[in-house]
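Below you'll find the structure, written out as structure tokens, and then a few comments.
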Amino acid sequence: MKTRRAWRVTEREAAKREAAESGAARIPGLLAAGAGALRGRAGWALGSVLVLVLGLVGAWLFAGSDRPGTPPDTRARAYQDYDACLLTDEQGIVTGAPAAPVWEGMQAASLDKHIRVTFVPVMGEKSVENARPFLNGLVQRDCEIVVASGAPQVAAAEAAVEKNPKIRFVTVGEAGGAAHDNLVRVAPGASLKGDITATVKRLAREG
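Per my numbering: the sequence shown = residues 4 to 210.
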């Protein structure tokens, strides 16, 4: 015969089973209702929010990729590129030619600084009139330094000094003639190569 306490225990267990069964029975209904809600206006709203969030995250990542990196070292020395152009006679820069040591000096200068060196031989008649178009070609090529070797080339260069004040002219010949701020005369001789090297380097450094 069951006591009152036993009856109470039995009733509590029965109530728990009934609650569990009713809760389990309600889960499919809740899931179905949630799915229906997602298919309705609530679903569109949730989807819109997700798209907006993903867009903001993508924009932030993209903007972060464009952020500047490490700034350049301001202590790094900046060099100015210069074009030093040599005007020679038709022999050019071959060994034994008057312009050969001049060219060697210019090449030595280009090793120490960011100086590009080129040469142009004047072909044809040995005259100032014939050398002038070749000289004008160097001026039009924006040569910052123009070096002239040979009498016709030197005369053409010195005649163009006043008309081209921004160009530094270096002529190889004996001292004489009018002085100009943008003209340097270098005397021929045993030290010609070294003198040309020092002159070109100095002019490039001064700008």
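Glycine included, every Cβ here is placed at the ideal spot set by N, Cα and C.
Asked                                                                         : Found
R188 - containing beta strand (DSSP E), residue span                          : L186 to V189
Enclosing alpha helix (DSSP H) for I170 [first to last residue]               : Neither: I170 is in no alpha helix (DSSP H) and is coded neither H nor E.
Coarse secondary structure for A162, derived from DSSP in three states        : helix
Helix, strand or coil at I96 according to DSSP, with G and I counted as helix : coil
For R119, the three-state DSSP class (helix, strand or coil)                  : strand
DSSP-derived helix/strand/coil call for A102                                  : coil
Boundaries (first-last residue) of the alpha helix (DSSP H) holding D198      : L195 to E209
Span separating the alpha-carbon of V173 from that of A151                    : 6 Å
Closest Cα partner of G192 within the set A103, E93, A134 and T91             : A103
A178 in three-state terms, based on DSSP                                      : coil
Identity of the residue in V97, T121, A111 and G95 nearest D86 by Cα          : T121
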